[in-house]
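Data block below; observations after.
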Amino acid sequence: MMGDKVEPRIGVFVCHCGHNIAGVVDVAAVAKMAMSLPYVVFSTDYMFMCADAGQQLIRDKIKELNLNRVVVASCSPRMHEPTFRRVVEESGLNRYLFDQVNLREQVSWCHMRQPKEATEKAMDLVRMSVARAAQLQSLPIKSVNVTPRTLVVGGGIAGLRASLDIAERGFEVVLVERLPELGGHVRKWTHLFPADESGAQIIGPLVKDVEKHRSIKVMQNSEVVEFGGYVGNFTAKIKNHETGRTKSVDVGAVIMATGFEPFRPFGYYGYGESPDIITLAELQELPPRADLLRPSDGKKVNKLAFIGCVGSREAGKQGHEHCSRHCCSAVAKAASDLKDKVGEVMILYQDIRTYGRGHEELYRLARSKFVIYSRFPKDSKPDVQVTANGITMRWYDVLSGDYLEFEPDLLVLASAMVPPGDIAETAKMFGLTRSADGFFNPEHIKLAPLTTHTAGVMIAGAAQAAKNASESVVDASGAAAKAVSLMARGQVEIESTVSHVIPELCSSCRTCVTACPYGAISMDKSREPAVALVTEAKCHGCGTCAAACPSNAIIMYHSTDDQIMAMVEAFLCTPAQVEGGTA
1 MMGDKVEPRI
11 GVFVCHCGHN
21 IAGVVDVAAV
31 AKMAMSLPYV
41 VFSTDYMFMC
51 ADAGQQLIRD
61 KIKELNLNRV
71 VVASCSPRMH
81 EPTFRRVVEE
91 SGLNRYLFDQ
101 VNLREQVSWC
111 HMRQPKEATE
121 KAMDLVRMSV
131 ARAAQLQSLP
141 IKSVNVTPRT
151 LVVGGGIAGL
161 RASLDIAERG
171 FEVVLVERLP
181 ELGGHVRKWT
191 HLFPADESGA
201 QIIGPLVKDV
211 EKHRSIKVMQ
221 NSEVVEFGGY
231 VGNFTAKIKN
241 HETGRTKSVD
251 VGAVIMATGF
261 EPFRPFGYYG
271 YGESPDIITL
281 AELQELPPRA
291 DLLRPSDGKK
301 VNKLAFIGCV
311 GSREAGKQGH
321 EHCSRHCCSA
331 VAKAASDLKD
341 KVGEVMILYQ
351 DIRTYGRGHE
361 ELYRLARSKF
371 VIYSRFPKDS
381 KPDVQVTANG
391 ITMRWYDVLS
401 GDYLEFEPDL
411 LVLASAMVPP
421 GDIAETAKMF
431 GLTRSADGFF
441 NPEHIKLAPL
451 TTHTAGVMIA
461 GAAQAAKNAS
471 ESVVDASGAA
481 AKAVSLMARG
491 QVEIESTVSH
501 VIPELCSSCR
511 TCVTACPYGA
521 ISMDKSREPA
531 VALVTEAKCH
541 GCGTCAAACP
551 SNAIIMYHST
561 DDQIMAMVEA
571 FLCTPAQVEG
581 GTA
């Protein structure tokens, strides 16, 4: 930390946020109270602090009054802390000599019918923030170099698109695929919706472009077996299953495009009991013929049935609560394509979810061809019996209010898209978290859907959730743009609000190593005995290690004990004590 020996001169700016805050909180009273606090030399309220005029007010007062600390009481720091940090930095102050109080989400919005109490709470929060601001210290702004190379894990449609996008912008790519061939599941599919194209037609040109690109190194039949480092400076060890050799690769960014696996629905609707009960993925992999043939004896299929949501949208040991998103449209496409080859086509469903451009048209096309849709209750699944005479289906039809029977020559189960079987190990290796459905978690589902909590590691396609090919391609290009943006900078700024180990106090117990959720702490074996060492580029400043340390050997920059205790004391003191300077 940098030394800040001069006496604090704090400016407090209380925002109205239109009527969002001022409609509940007496902002003028809050600003007046702040003026009475120790080290505060200026305090005011203003309509919109985030507006250009509000930002300029801060700049003017810093220059005019020689302010060296700034407190803004406004909305959530998540929204405008970067804005105000930039303003104080442009005025010559270190960005960490700024503190923000949340008077909107934490006060006015949650206490809108209690204006008196809300104002008192606002005063408490501002008083605590001012006490903390007086203890703030400048922190150095640090950056690390970025290796201009990206690791793409997974050679399906998302991995291929991402690799090509990055390479076409002049950066190197290492593409790792565990199978001998590129293309993933799409390569094997005979039909893709909504256009009438085969998977080979779509994926073939993409594979050729990737394989011949000079900036892309393709490593097929290979897997990442070890991964470490931090944003801009990762090292991956990649093992080739054919040769058994392991190679280390340094990269600056990573894109996880590990895709999905089709759910194998053993225990559902007779799957595994008859060769004539197959999954939708297996149907899509059948070679195209003039007639649809039954797998058991090669005879022509005259009656075809589909069951939707097999393993999707259900709880239980085998089931998965998420919707697999593509199944309804894929079933409608397959049914309408095959209706011309077979006599009867029956689709059993819980709900129809044909979202997306051109998808509703697939459903209407199937209905226009007299494909029969029959809805069954979620709590009353169809009964499928396999006998020597074939397959018999019986279910309760919601629309007719009666039980129906159907004896298909071929039964197709639209099974779920699920994460790969080894995704738990992969997530642990790359420091990623997983959602309830087992896929990788994004940093934020709406605001940061392609990045993860591990800086420099992006996710694309079905690695994040069940998605169709079009969505996976969009994801891939977005993740590629993120990686290119990172590498093009040459350097990446890292957060200064990190933890720091005091070696003299460290007892080498490794408690912090175990506690850190980001793998940012290791043991420095160059010392005797070894002590904990923080890799600042990996640290998220969460404070877990500092709380866990039994030796009090870890400090948190920007959240020191002095700063926290100053806030506690300011809250516990009466306003009169604070005004008298006894806090």
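Each residue of the sequence shown is one higher than the one before, starting from 1 at the first, in the numbering used here.
Yeah, the Cβ is synthetic: ideal placement off N, Cα and C, and Gly gets one too.
Residue i versus the options, residue with shortest Cα-Cα distance
{"i": "residue 327", "options": "454, 354, 303", "result": "354"}
{"i": "residue 109", "options": "89, 309, 76, 133", "result": "76"}
{"i": "residue 233", "options": "147, 415, 357", "result": "147"}
{"i": "residue 240", "options": "300, 224, 128", "result": "224"}
{"i": "residue 242", "options": "531, 220, 151, 229", "result": "220"}
{"i": "residue 458", "options": "476, 469, 467", "result": "476"}
{"i": "residue 396", "options": "376, 491, 414", "result": "376"}
{"i": "residue 515", "options": "43, 273, 539", "result": "539"}
{"i": "residue 323", "options": "187, 418, 373", "result": "418"}
{"i": "residue 526", "options": "508, 536, 492", "result": "508"}
{"i": "residue 80", "options": "50, 63, 66, 54", "result": "50"}
{"i": "residue 500", "options": "415, 47, 235, 532", "result": "532"}
{"i": "residue 468", "options": "537, 569, 406, 359", "result": "359"}
{"i": "residue 307", "options": "330, 291, 292", "result": "330"}
{"i": "residue 260", "options": "550, 246, 454, 159", "result": "159"}
{"i": "residue 134", "options": "55, 205, 7", "result": "7"}
{"i": "residue 136", "options": "557, 364, 291, 568", "result": "557"}
Boundaries of the beta strand (DSSP E) in which residue i is found, first to last residue
{"i": "residue 500", "result": "499-501"}
{"i": "residue 93", "result": "Where residue 93 is concerned, there is no enclosing beta strand (DSSP E), given that its DSSP letter is neither H nor E."}
{"i": "residue 385", "result": "383-387"}
{"i": "residue 584", "result": "Absent from the structure is residue 584, since the part of the chain shown begins at 1 and ends at 583."}
{"i": "residue 73", "result": "69-74"}
{"i": "residue 556", "result": "554-556"}
Proximity test, Cβ basis, 8 Å: residue i and chain E
{"i": "residue 205", "result": "Although the question refers to chain E, the structure presented lacks it and comprises just one protein chain."}
Straight-line Cα distance separating residue j from residue i
{"i": "residue 583", "j": "residue 5", "result": "Its pLDDT being 43, under 50, residue 583 is placed unreliably by the model, and the measurement read from it follows with that caveat. Rounded to whole angstroms, residue 583 to residue 5 spans 20 Å at the Cα level."}
{"i": "residue 488", "j": "residue 210", "result": "21 Å"}
{"i": "residue 19", "j": "residue 116", "result": "16 Å"}
{"i": "residue 26", "j": "residue 104", "result": "12 Å"}
{"i": "residue 545", "j": "residue 562", "result": "18 Å"}
{"i": "residue 10", "j": "residue 441", "result": "41 Å"}
{"i": "residue 352", "j": "residue 431", "result": "37 Å"}
{"i": "residue 238", "j": "residue 152", "result": "12 Å"}
{"i": "residue 96", "j": "residue 68", "result": "11 Å"}
{"i": "residue 169", "j": "residue 486", "result": "12 Å"}
{"i": "residue 581", "j": "residue 481", "result": "Reliability fails at residue 581, whose pLDDT of 49 lies under 50, so the model's placement of it is uncertain and the value that follows must be treated cautiously. Cα to Cα, residue 581 sits roughly 53 Å from residue 481."}
{"i": "residue 265", "j": "residue 559", "result": "51 Å"}
{"i": "residue 346", "j": "residue 272", "result": "21 Å"}
{"i": "residue 162", "j": "residue 175", "result": "10 Å"}
{"i": "residue 198", "j": "residue 184", "result": "14 Å"}
{"i": "residue 384", "j": "residue 267", "result": "11 Å"}
{"i": "residue 436", "j": "residue 179", "result": "27 Å"}
{"i": "residue 228", "j": "residue 94", "result": "32 Å"}
{"i": "residue 200", "j": "residue 102", "result": "54 Å"}
{"i": "residue 371", "j": "residue 340", "result": "10 Å"}
{"i": "residue 85", "j": "residue 269", "result": "60 Å"}
{"i": "residue 444", "j": "residue 456", "result": "15 Å"}
{"i": "residue 249", "j": "residue 282", "result": "37 Å"}
{"i": "residue 42", "j": "residue 511", "result": "45 Å"}
{"i": "residue 107", "j": "residue 571", "result": "16 Å"}
In DSSP terms, what residue i is bridged to
{"i": "residue 375", "result": "349"}
{"i": "residue 397", "result": "402"}
{"i": "residue 222", "result": "240"}
{"i": "residue 42", "result": "11"}
{"i": "residue 415", "result": "310"}
{"i": "residue 234", "result": "229, 251"}
{"i": "residue 532", "result": "523"}
{"i": "residue 34", "result": "Looking at the DSSP assignment, residue 34 forms no beta bridge with any residue, so it has no partner."}
{"i": "residue 392", "result": "385"}
{"i": "residue 58", "result": "None; residue 58 has no bridge partner."}
{"i": "residue 87", "result": "Per DSSP, none; premise fails for residue 87."}
Opening and closing residue of the alpha helix (DSSP H) in which residue i lies
{"i": "residue 165", "result": "157-167"}
{"i": "residue 246", "result": "That residue, residue 246, is in no alpha helix (DSSP H); its beta strand (DSSP E) goes 246-251."}
{"i": "residue 199", "result": "199-212"}
{"i": "residue 329", "result": "327-338"}
{"i": "residue 6", "result": "Note, residue 6: premise wrong, no alpha helix (DSSP H); not H, not E."}
{"i": "residue 22", "result": "No alpha helix (DSSP H) holds residue 22; DSSP gives it neither H nor E."}
{"i": "residue 546", "result": "544-548"}
{"i": "residue 559", "result": "Neither: residue 559 is in no alpha helix (DSSP H) and is coded neither H nor E."}
Run through the stretch 442-506 for me and flag every whole beta strand (DSSP E) of 3 or more residues, listed as ranges in chain order. 457-459, 491-494, 499-501
Which full runs of the alpha helix (DSSP H) of 4+ residues lie inside the stretch 252-322, going along the chain? 280-284
Of all the beta strand (DSSP E) runs that stay within the bounds of the stretch 113-160, which reach a length of 3 or more residues? 142-145, 149-153
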